[in-house]
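Basically the numbering used here = 1-based index in the sequence shown + 42. Right, one structure below, let's go through it.
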Amino acid sequence: MHVLVVDDDEMVRCVLNEKLSGIGYEVTDACDGQSALELFRGTVFDAVLLDLKMPGMDGITTLREMRRHDPDVPVIMVTAFGDVATAVEAIKLGAYDFTEKPPQLSRIMMTLKRAIEKAALEREVRNLAKTAEESAALKAACEKLKELDKMKTAFLSSISHELRTPLTSIIGYAEIARQKYCKLLSSITPNDQNMSQVLGQIDASLDILVSEGHCLADLIDNVLELTALEAGTADMCSDDICLESVIHGVAAEFTEQFTSRGLDFSWEIEADLPSVVGDSRRLSRVMRHLFSNAVKFTEQGRVSCSARKAQGRLLVSVSDTGKGIPGALHRAIFDKFSQIGETLTDKPKGTGLGLPICRLIVERHGGNIWVESEPGKGSTFTFSLPARRDI
Ligand SMILES: Nc1ncnc2c1ncn2[C@@H]1O[C@H](COP(=O)(O)OP(=O)(O)OP(=O)(O)O)[C@@H](O)[C@H]1O
Ligand SMILES: [Mg+2]
């Protein structure tokens with residue numbers, strides 16, 4: 043604790059310095075108000091012992107200046123015997139207490155100790171009040187953010203609904219046009235090379251129109267599904283589901299993709315798996331997202347799927363021999379719009395909604411989803427679901 047002793051009487055300064063240093067205080071002294079103020083402005087003191095009557099700048103003026111510079115440091119006035127009126131005046135100006143001369147050391151020490159403790163307590167109270175104020179402000183900001191997030195979700199959802207209807211017509215008409223065009227193509231023989239080139243370009247454009255239309259429709263469906271799951275407005279069925287048929291159904295949809303990418307596919311489903319209660323359309327969606335990722339991020343090798351029971355739960359895994367995922371991102375990839383890779387250079391095709399949708403669906407079924415993976419060594423995504431009956 044650092045104390046500033048201000049007194050024009052050298053003897054008083056010496057005695058106080060010696061006694062206070064003896065009990066562990068660090069003491070700096072000043073012989074007048076002016077030099078005391080200079081010290082006070084340049085150093086942090088825990089308390090000041092200030093003589094009231096000094097030549098030049100008196101104690102009251104010095105006190106006033108000190109208060110202006112730092113109103114929190116406790117100042118104890120040392121007054122001549124009988125000058126209580128001025129001492130009271132000093133207390134009105136913010137002095138902590140006063141003690142009469144000749145200074146009684148025991149009283150000074152007691153007063154100093156109390157003054158320093160009180161200042162520390164006041165500081166603590168101020169900090170607590172500030173923290174409380176800050177946390178109230180933080181809470182308000184958090185509520186505001188939640189509100190904005192809800193508004194954004196509602197906006198996204200309504201825009202997506204608006205886009206979905208015309209897009210369905212666009213895809214439908216594009217598909218009809220492509221069918222009719224194919225029929226037409228088969229019935230005509232182009233009479234020059236230029237014409238057959240143009241016909242080929244129209245054919246390719248119609249293909250692109252249909253496939254990009256489907257990609258856009260998938261994206262809109264994902265946004266609608268995610269917003270409904272996040273808002274808790276998604277209607278979930280409670281069917282009795284045989285996971286084996288869900289897996290077979292979705293795997294069949296992917297057979298062509300596995301073959302065209304040269305990937306082996308295998309599955310291993312434990313016999314007599316218990317059923318689960320839930321929404322089979324949504325559990326198929328989870329499988330579809332996991333298979334689609336496995337295909338998308340695997341250059342060569344194989345994709346496999348397994349289902350087994352363990353401790354009253356069913357565990358379904360989709361493994362691949364693809365590029366793998368660094369450990370630091372194992373949690374982040376389940377957040378929406380989170381994709382691995384530089385946005386401008388190697389961002390994967392897609393939007394980063396598949397895994398967050400899987401997570402929300404699995405959680406709505408009372409389960410968990412996680413990944414085990416290492417870069418270059420492939421990935422295994424597993425989700426668990428409560429089994430319908432005891433196993
Ligand atoms: N099997 C996998 N192997 C390697 N990386 C994966 C695998 N599955 C997911 N990832 C990484 O996690 C990211 C998030 O996956 P998610 O399915 O959410 O989004 P996406 O596939 O990029 O886009 P979307 O599913 O919306 O079409 C992917 O972009 C990819 O970086
Ligand atoms: Mg995906």
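We put the CB at the ideal spot given by N, CA and C, even for glycine.
Quick one, which of the options has its alpha-carbon nearest residue i's?
i: Pro-428; options: Ser-361, Leu-357, Pro-113 and Met-99; result: Leu-357
i: Asp-362; options: Phe-307, Leu-94, Gly-394 and Thr-393; result: Phe-307
i: Ala-293; options: Ser-415, Asp-281, Arg-327 and Val-319; result: Arg-327
i: Leu-58; options: Met-96, Leu-92, Arg-350 and Leu-261; result: Leu-92
i: Ala-196; options: Leu-271, Glu-295 and Leu-258; result: Leu-271
i: Leu-371; options: Glu-416, Lys-192, Asp-88 and Leu-105; result: Glu-416
i: Val-47; options: Asp-260, Leu-266, Arg-83 and Val-90; result: Val-90
i: Leu-299; options: Lys-338, Thr-275, Gly-274 and Arg-324; result: Residue 299 is actually Gln in this sequence, not Leu. The candidate whose alpha carbon is nearest that of Gln-299 is Lys-338.
i: Asp-51; options: Val-69, Lys-143 and Val-130; result: Lys-143
i: Ala-132; options: Leu-154, Gln-146, Arg-109 and Met-152; result: Arg-109
i: Gly-64; options: Leu-147, Val-126 and Arg-106; result: Leu-147
i: Gly-396; options: Ile-375, Asp-125 and Gly-255; result: Ile-375
i: Ser-334; options: Tyr-215, Thr-297 and Asn-236; result: Thr-297
i: Arg-373; options: Arg-355, Phe-423, Arg-324 and Arg-106; result: Phe-423
i: Val-117; options: Thr-104, Leu-170 and Val-126; result: Thr-104
i: Thr-269; options: Asp-191, Ala-313 and Pro-208; result: Asp-191
i: Val-265; options: Asn-236, Leu-205, Val-69 and Gly-66; result: Leu-205
i: Ala-273; options: Met-193, Glu-107 and Ser-322; result: Met-193
i: Gly-409; options: Pro-368, Pro-390 and Arg-355; result: Arg-355
i: Asp-260; options: Ala-276, Pro-316 and Arg-330; result: Arg-330
When you measure from the CB of residue i to every non-hydrogen atom of ligand 2, does any distance come out below 8 Å?
i: Gly-366; result: no
i: Ser-415; result: no
i: Gly-242; result: no
i: Lys-225; result: no
i: Lys-222; result: no
i: His-331; result: yes
i: Ser-334; result: yes
Taking 8 Å as the cut-off, is the CB of residue i close to at least one heavy atom of ligand 1?
i: Ile-382; result: yes
i: Lys-419; result: no
i: Ala-293; result: no
i: Pro-390; result: yes
i: Thr-424; result: no
i: Gly-396; result: yes
i: Thr-340; result: yes
i: Thr-210; result: no
i: Ile-375; result: yes
i: Ser-346; result: no
i: Leu-261; result: yes
i: Thr-207; result: no
i: Asp-306; result: no
i: Asn-264; result: yes
i: Thr-269; result: no
i: Asp-282; result: no
So, using beta-carbon positions, are residue i and residue j closer together than 9 Å?
i: Gly-343; j: Gly-364; result: yes
i: Leu-94; j: Met-53; result: no
i: Cys-400; j: Phe-425; result: yes
i: Cys-279; j: Gly-320; result: yes
i: Glu-164; j: Asp-114; result: yes
i: Ala-161; j: Asp-49; result: no
i: His-44; j: Thr-85; result: yes
i: Ile-411; j: Leu-325; result: no
i: Leu-135; j: Arg-106; result: yes
i: Arg-406; j: Pro-316; result: no
i: Val-216; j: Gly-255; result: Per the sequence presented here, residue 216 reads as Ala, with Val not at that position. Yes; because the gap between Cβ atoms is below 9 Å, this pair is in contact.
i: Ser-322; j: Ile-283; result: yes
Comparing the C-beta of residue i with each C-beta of chain D, is any distance below 9 Å?
i: Ile-201; result: Absent from the structure: chain D. Only one protein chain is present.
If we count Cβ pairs, one from each stretch, closer than 8 Å, do we get three or more for the stretch 228-245 versus the stretch 184-204?
-> no
Taking contact to mean at least 3 C-beta pairs separated by less than 8 Å, is the stretch 246-257 in contact with the stretch 280-295?
-> no
Pick out the complete beta strand (DSSP E) segments inside the stretch 325-412, 3 residues or longer, and give them in chain order.
-> 344-352 and 355-362
Completely contained beta strand (DSSP E) runs for the stretch 45-81, where each covers 3 or more residues | 68-72
Specify whether the stretch 96-111 and the stretch 64-81 touch according to this definition: at least 3 beta carbon pairs, one from each stretch, less than 8 Å apart.
-> yes
Just checking, does the stretch 171-181 make contact with the stretch 135-151 on the three C-beta pairs under 8 Å criterion?
-> no
At what residue ranges does the stretch 87-119 contain a whole run of the beta strand (DSSP E), taking only runs of 3 or more?
-> 89-93
Any beta strand (DSSP E) of 3 or more consecutive residues that is wholly inside the stretch 265-323 = 281-283, 306-311 and 318-320
Segments of 4+ residues assigned as alpha helix (DSSP H) that fall wholly inside the stretch 108-191 = 126-134
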